[in-house]
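Written out below as structure tokens is the structure these notes cover.
Number of protein chains: 4
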Amino acid sequence: MSHNTFGHLFRVTTWGESHGPALGCVVDGCPPGIRFTEAELQHWMDKRKPGQSRFVTQRREADLVKVLSGVMPQEDGSLITTGTPVSMLIENTDQRSKDYSEIAKRYRPGHADYTYDTKYGVRDYRGGGRSSARETAARVAAGGLARRVVPGMIVRAALVQIGTHKVNRDNWDWNEVDNNPFFCADPAMVPVWEEYLDSIRKAGSSIGAVIEVVADHVPAGLGAPVYAKLDQDIASNLMSINAVKGVEIGNGFDAACISGEENADEMRIGDNGQPVFLSNNAGGVLGGISTGQPVVARFAVKPTSSILNDRRSIDSDGNEVDVRTKGRHDPCVGIRAVPIGEAMVACTLADHYLRDRGQTGRLD
Amino acid sequence: MSHNTFGHLFRVTTWGESHGPALGCVVDGCPPGIRFTEAELQHWMDKRKPGQSRFVTQRREADLVKVLSGVMPQEDGSLITTGTPVSMLIENTDQRSKDYSEIAKRYRPGHADYTYDTKYGVRDYRGGGRSSARETAARVAAGGLARRVVPGMIVRAALVQIGTHKVNRDNWDWNEVDNNPFFCADPAMVPVWEEYLDSIRKAGSSIGAVIEVVADHVPAGLGAPVYAKLDQDIASNLMSINAVKGVEIGNGFDAACISGEENADEMRIGDNGQPVFLSNNAGGVLGGISTGQPVVARFAVKPTSSILNDRRSIDSDGNEVDVRTKGRHDPCVGIRAVPIGEAMVACTLADHYLRDRGQTGRLD
Amino acid sequence: MSHNTFGHLFRVTTWGESHGPALGCVVDGCPPGIRFTEAELQHWMDKRKPGQSRFVTQRREADLVKVLSGVMPQEDGSLITTGTPVSMLIENTDQRSKDYSEIAKRYRPGHADYTYDTKYGVRDYRGGGRSSARETAARVAAGGLARRVVPGMIVRAALVQIGTHKVNRDNWDWNEVDNNPFFCADPAMVPVWEEYLDSIRKAGSSIGAVIEVVADHVPAGLGAPVYAKLDQDIASNLMSINAVKGVEIGNGFDAACISGEENADEMRIGDNGQPVFLSNNAGGVLGGISTGQPVVARFAVKPTSSILNDRRSIDSDGNEVDVRTKGRHDPCVGIRAVPIGEAMVACTLADHYLRDRGQTGRLD
Amino acid sequence: MSHNTFGHLFRVTTWGESHGPALGCVVDGCPPGIRFTEAELQHWMDKRKPGQSRFVTQRREADLVKVLSGVMPQEDGSLITTGTPVSMLIENTDQRSKDYSEIAKRYRPGHADYTYDTKYGVRDYRGGGRSSARETAARVAAGGLARRVVPGMIVRAALVQIGTHKVNRDNWDWNEVDNNPFFCADPAMVPVWEEYLDSIRKAGSSIGAVIEVVADHVPAGLGAPVYAKLDQDIASNLMSINAVKGVEIGNGFDAACISGEENADEMRIGDNGQPVFLSNNAGGVLGGISTGQPVVARFAVKPTSSILNDRRSIDSDGNEVDVRTKGRHDPCVGIRAVPIGEAMVACTLADHYLRDRGQTGRLD
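Chains as they are written, first to last, in our numbering: chain A, 32 to 395; chain B, 32 to 395; chain C, 32 to 395; chain D, 32 to 395.
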């Protein structure tokens with residue numbers, strides 16, 4: 032079964048490949064009465080758009096979102112959701128016609144060519160098919176709407192690691208994220224990454240990365256103890272992004288290394304009489320339910336397998352072959368994963384916000 | 032919404048807390064005609080059972096599984112599934128009556144007490160509620176059935192890290208896993224962990240751990256490119272286990288540190304004329320679909336927050352209090368997570384096996 | 032796929048057959064803080080219980096419901112839901128041991144024996160399996176809880192037709208329903224049905240029936256325009272009851288026979304300043320969404336195929352045989368369908384109440 | 032919650048209103064390797080298209096389907112599914128600009144205006160919104176693909192009743208269905224309906240209808256005993272069509288009137304050694320599972336509430352008003368429901384075919 036829907040009450044279905052006429056999504060279950068603009072969606076789309084620096088793929092796509100249903104246009108040009116499905120469409124414009132005869136049969140190492148053929152017996156060899164990074168444009172569009180669902184919520188992300196080069200958290204400044212081509216919150220790391228990625232790029236190679244997503248002003252109480260844990264659904268949705276190999280919440284794998292005394296976040300009563308946590312190892316989630324602290328998740332993106340150097344492989348006829356990617360080259364796909372991660376976390380939180388409201392009747 | 036079901040075609044719903052009369056699960060959608068025994072389920076239950084060494088909780092539970100429906104008893108004592116829901120029940124027998132008045136109001140740091148109260152406005156303070164490790168007994172029972180669904184599949188797990196002490200993979204021997212109280216595949220690490228955990232235990236403290244699950248003989252072709260990726264569903268289901276803070280597939284977070292050349296698993300034609308991969312960084316999954324290689328996942332379990340030392344917290348009346356756990360103490364909950372991880376991966380693979388068969392009609 | 036769950040936020044999973052040790056259900060997603068008693072559930076169970084008159088099966092079952100999870104017992108003996116899964120169990124006590132060798136192979140006409148064997152290749156021939164009327168006990172238990180979810184809602188049902196004998200609606204009195212063994216709201220019809228069913232019973236035959244379910248005090252606004260229409264989900268859930276062959280909402284099939292002028296319910300402003308409808312052909316649902324009027328549904332139950340007279344059939348070896356049912360006989364299974372219909376409508380409305388609250392944030 | 036998806040493995044999500052730029056659907060889970068043509072889809076679309084006779088709405092829409100994803104174009108112009116989501120889009124071309132100020136506030140009796148406003152607090156008053164008959168175009172497109180999923184299956188429908196005028200089944204000839212504007216299989220009834228509907232049309236009134244759908248060559252074994260009964264899912268999906276008020280399977284409500292002897296379909300061994308049923312009261316479904324006989328369902332469509340005569344109503348300000356529809360008029364919406372009913376039954380059967388294959392591994 033191919034399942035291209037995620038979410039239970041805020042439900043997103045995406046469709047499309049890089050080489051058809053368009054791709055898009057349907058957002059079902061969005062609350063009625065939410066006001067937004069196409070320009071606002073475009074703002075998020077533009078963060079993900081290819082070709083914005085020499086460190087990402089040079090494909091040229093306008094990535095313009097059209098909203099086809101589920102809204103009432105207002106006189107000021109804004110849109111108001113009606114509670115019915117919001118269909119959003121993005122055209123593919125930069126489909127270079129080329130000769131696919133060579134790659135149609137060759138299984139690119141690290142790509143899904145071999146597994147697609149094994150499973151489906153047929154494959155759209157003209158691009159990455161559903162595994163293409165273009166599929167994620169639809170997620171970002173849906174995420175733009177999701178951001179409007181939870182009042183006051185802010186979802187931001189930043190690249191925290193390229194190869195073995197990690198940011199220094201003492202330098203962290205969210206305002207820096209949009210000042211460099213890496214979504215880097217540590218300005219001191221920018222020149223390091225720049226030089227490092229230039230070397231990767233010139234070598235025709237690629238490198239992995241780690242992205243951190245932080246959601247602020249998430250109401251306490253979202254999620255469930257098991258099977259619909261907020262952190263589980265965030266992990267699941269981040270893992271649904273192509274090329275992601277690992278996910279962690281709060282201190283994540285570091286939690287394996289420390290004692291219960293160090294790990295458990297202590298509580299006190301704050302100056303405003305409200306509960307405060309003295310640390311946030313939990314990443315804003317305890318027992319699957321949000322604590323009211325920032326929700327913190329990280330995910331690892333593997334280096335793209337499309338590199339300009341020969342790799343050993345086989346073809347669909349069972350011959351041993353060498354494969355190298357030609358054309359556009361993306362030295363660090365992790366960069367563009369930053370706005371995608373934000374979108375997936377925003378969608379997850381919108382969904383859980385509605386689910387909590389449904390079960391408990393609480394209105395935050 | 033509380034969602035206590037996972038899986039699409041092989042669907043598992045669990046119910047129950049540590050302090051009610053029983054807990055259990057309903058497995059819906061199991062193929063008909065599968066032969067199994069209660070003894071066989073019990074074998075897996077016994078691996079998870081508490082009280083088997085001084086390194087885990089001393090709660091005493093027989094953890095006997097009763098199969099209440101969905102089977103035809105055979106003359107030899109075995110059971111054959113009929114294709115209708117298989118209900119399995121495990122009684123709670125070791126519920127010590129004690130005075131809960133003190134902890135009923137105090138929020139234990141690192142536990143879900145505060146988030147439960149915030150979300151539900153009511154909480155079963157007599158134990159961990161749904162977040163209790165006892166809930167996982169039902170998962171192991173379901174996993175026992177799931178192992179029978181995919182012909183030839185073998186799912187095994189081992190503890191690979193306690194605190195900062197990691198196994199040496201050169202010593203790896205699956206046969207060692209049942210020879211020590213840690214499910215450790217590296218016999219050289221056993222005495223190190225033993226001494227280390229004794230010190231943790233005597234200090235009334237606790238420590239985290241990392242578990243690795245490996246599924247062999249998984250047919251190629253299970254999963255989907257996005258949103259129902261095999262690795263995503265494995266990650267999601269492992270994250271649904273209480274206390275899990277991170278999940279990775281194949282080389283996981285290490286993929287962030289290496290180049291595309293190093294990461295992409297090359298292919299050749301093997302001696303038997305079949306495709307072979309020259310490495311398994313992918314962990315048996317490419318583009319969300321199984322490659323036929325072993326499926327490899329790891330997850331991090333935080334140290335239990337129930338420790339015998341004072342921690343700062345608040346109570347539900349808004350008072351600042353100190354909290355320490357009394358009674359049973361579990362220095363490393365990660366140990367008992369080993370059979371649970373196996374069960375979750377087995378259920379995920381059984382589900383995807385049926386889903387693939389449904390969509391593609393392939394019969395492996 | 033066997034799917035034994037219905038509902039999206041108020042989710043009910045049932046399990047069990049007539050010949051296992053027990054049957055039951057898990058209600059997942061129930062709001063926290065709902066107070067109820069086991070005695071109250073038993074009240075509904077007793078309405079469905081077999082053996083209460085000569086017009087229904089003589090199987091003797093106490094049908095005692097045990098609540099195993101998801102509740103906090105209160106000092107006054109009542110229970111409060113905690114928001115986690117509520118597991119309810121009903122033991123099978125009247126399983127007569129008998130020789131099944133004859134019917135194990137013979138396909139009873141009108142029963143699911145042939146289709147079970149065809150689909151599953153294995154069948155529990157000791158009773159109706161999942162198609163047994165006993166499965167519905169679990170629905171009634173779930174319905175008892177569902178009634179508490181929508182504040183003020185009242186769900187009632189009555190038998191309106193046996194064979195061709197229909198009640199006279201001018202005589203309708205809800206208070207009469209519990210005064211006769213037929214759940215009949217027309218006291219003038221009771222002696223007619225009594226005599227008619229006695230003749231059916233003595234002839235070893237059976238007859239069909241029609242049940243009407245009415246839900247009062249349903250808030251306006253529940254449902255959705257398409258695919259999750261309130262009337263669709265009611266129809267679906269009523270059709271899930273065994274032996275049901277048709278469902279209609281409001282004037283149902285009669286709507287085919289009248290003009291738009293006659294059919295569309297006109298509106299005025301009532302004395303209290305609120306909108307009133309001048310008729311209720313719609314059965315309380317317009318465009319899939321509740322109007323605030325009573326929700327009205329009817330369903331037809333076929334005559335049971337277990338009759339004491341010979342019918343032509345085949346066996347699993349391909350022989351032509353004659354089949355007649357021995358033992359207990361149920362001349363009109365439609366009678367006991369009355370409390371089951373109530374339960375299914377109550378569950379559907381509880382589910383939609385939560386779904387509406389989730390999407391719109393309205394609190395009725 | 033607005034749920035605009037149906038099906039579990041063959042999953043259809045529709046979106047769009049009559050007054051946006053387009054509407055469409057996403058079919059997820061379609062098996063790979065299915066060959067079809069856009070012309071073939073168009074054949075089914077054209078059956079549903081408005082404006083084909085004076086008896087249906089005069090809206091003019093080309094209803095051209097564009098397939099945007101999930102297929103590989105072949106050299107002969109046909110398409111082959113790749114197993115990924117198939118997105119189909121239909122543009123709205125006949126959106127007359129007019130002054131909506133009058134109807135924006137007035138609740139048309141029998142329409143969903145009042146319930147939409149109550150639920151969502153906002154409403155697209157420019158047409159029927161999601162309840163518009165245009166939404167069904169997307170269903171027909173999906174149904175065209177569904178027909179290709181079950182090998183050999185044929186799904187046909189016919190109008191069997193307009194007002195009180197029912198066809199004579201002795202005259203039934205499937206070949207006649209496309210020879211008249213009513214999808215009528217009884218040629219003798221055509222002139223009767225013609226005259227009757229002309230009188231309705233000239234009076235500015237409308238009338239209801241009943242449609243029968245028959246699926247031939249459905250493999251035995253599809254469905255499940257409860258909650259995913261084949262007949263339940265057919266009923267549910269037919270009830271999801273706007274204006275449908277009742278559904279029945281096989282003899283349906285007539286089953287209430289007859290004895291068990293008359294109702295239960297007897298079996299014999301046919302000349303080919305295969306089981307045969309001597310009648311089909313069951314409508315091809317026993318215990319929720321297909322028997323291999325034709326699957327037969329009927330549904331009742333109410334008269335459209337858009338009539339050219341004054342009806343009493345209220346407006347959103349609480350004023351009592353008179354409402355009459357202006358413009359296009361559709362005297363019997365039941366006519367165009369015929370191809371829609373076919374599509375819904377085809378989709379349901381495709382879904383159950385895949386679900387059965389998933390659970391049981393049977394390949395029909």
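Beta carbons: idealized from backbone N, C-alpha and C, even for Gly.
- Collapsing the DSSP output to three states places Gly38 (chain C) in coil.
- Contacts with chain A (Cβ-Cβ distance below 7 Å) from the region 373-391 of chain C involve Leu385, Arg386, Arg388, Gly389, Gln390 and Thr391, listed in chain order.
- Less than 8 Å separates the beta-carbon of Val316 (chain D) from that of Ile280 (chain D).
- The beta carbon of Glu71 (chain C) is closer than 8 Å to those of Gly175 in its chain, skipping five residues each way along the sequence.
- B:Leu54 is the residue among B:Phe213, B:Leu54, B:Pro182 and B:Phe284 whose C-alpha sits nearest the C-alpha of Ser162 (chain B).
- When DSSP reads this structure, Glu279 (chain A) sits in a beta bridge with A:Arg329 and B:Gly277.
- The residue among A:Ile185, A:Pro222, A:Val223 and A:Gly194 with its C-alpha nearest the C-alpha of Trp205 (chain A) is A:Ile185.
- Shown in chain order are the members of the region 258-272 of chain A whose Cβ falls below 7 Å from a Cβ of chain B: Tyr258, Ala259, Lys260, Asp262, Gln263, Ala266, Ser267, Met270 and Ser271.
- In the DSSP assignment, Thr146 (chain B) falls within the unbroken alpha helix (DSSP H) covering Asp144 to Tyr151.
- Inter-residue distance for Ala164 (chain A) and Arg367 (chain A) is about 9 Å (C-alpha atoms, whole angstroms).
- Closer than 9 Å at the C-beta level to chain A, one finds these residues of the region 97-121 of chain D: Lys97, Val98, Leu99, Ser100, Gly101, Val102, Met103, Ile111, Thr112, Thr113, Gly114, Thr115, Pro116, Val117, Ser118 and Leu120.
- When rounded, the separation of the alpha-carbon atoms in Glu106 (chain B) and Ala251 (chain A) is 54 Å.
- Pro140 (chain C) reaches chain D at Ala295, Asp296, Glu297 and Met298, counting residues in chain order whose Cβ is nearer than 8 Å.
- Taking 8 Å as the threshold, the shortest C-beta distance from Pro63 (chain C) to chain B falls below it.
- Scanning its chain for C-beta atoms nearer than 6 Å, with the 5 sequence neighbours on each side dropped, one finds around Met119 (chain B) the residues Gly55, Cys56, Val96, Val98 and Ala172, in chain order.
- At the C-beta level, Ala331 (chain C) and Ala331 (chain D) stay beyond 8 Å of one another.
- In chain C, no part has a C-beta under 7 Å from the C-beta of Phe86 (chain D); the shortest such distance is about 14 Å.
- For Pro334 (chain A), the closest Cβ of chain D is not nearer than 8 Å.
- Cβ neighbours of Glu207 (chain B) within its own chain (closer than 6 Å, five residues either side excluded): Ala216 and Pro218.
- The Cβ of Gly152 (chain C) sits closer than 8 Å to at least one Cβ of chain B.
- With respect to the 8 Å criterion, Thr113 (chain A) and Val153 (chain D) are classified as neighbours on the basis of their beta carbons.
- Between the alpha carbons of Thr68 (chain A) and Arg179 (chain A) lies a gap of roughly 11 Å.
- Sequence-distant Cβ neighbours of Val364 (chain B) in its own chain, meaning closer than 7 Å and more than five residues away, are Ala164, Ala274, Val332 and Thr335.
- Following the DSSP letters along the chain, one finds Arg137 (chain B) in no alpha helix (DSSP H), marked with neither H nor E.
- Taking a Cβ-Cβ cut-off of 7 Å, Lys80 (chain A) has no neighbours in chain B, whose nearest Cβ is about 20 Å from it.
- As far as DSSP is concerned, Gln105 (chain B) takes part in no beta bridge.
- Straight-line measurement puts the Cα of Gly141 (chain B) at about 43 Å from the Cα of His74 (chain C).
- With a threshold of 8 Å between beta carbons, Leu40 (chain C) makes contact with chain A.
- Under the three-state reduction of DSSP output, Cys378 (chain C) falls in the helix class.
- Look at the beta carbons and you see the region 291-309 of chain B not touching the region 224-242 of chain B: under three pairs across the two are nearer than 8 Å.
- Cβ contact annotation for Asp155 (chain D) (same chain, cutoff 8 Å, sequence separation greater than five): Glu48 and His50, in chain order.
- In chain order, Thr115 make up the part of chain B whose C-beta sits under 8 Å from the C-beta of Pro256 (chain D).
- Membership of Gln73 (chain B) in the alpha helix (DSSP H) is indicated by the continuous run Glu69 to Arg79.
- If you check each beta-carbon in the region 309-328 of chain C against every beta-carbon of chain A, none falls closer than 8 Å.
- Listed along chain C are Gln390, each with a C-beta nearer than 7 Å to that of Gly60 (chain A).
- For Ile242 (chain B), the closest of A:Lys150, A:Trp203, A:Cys288 and A:Ser109 by C-alpha to C-alpha distance is A:Cys288.
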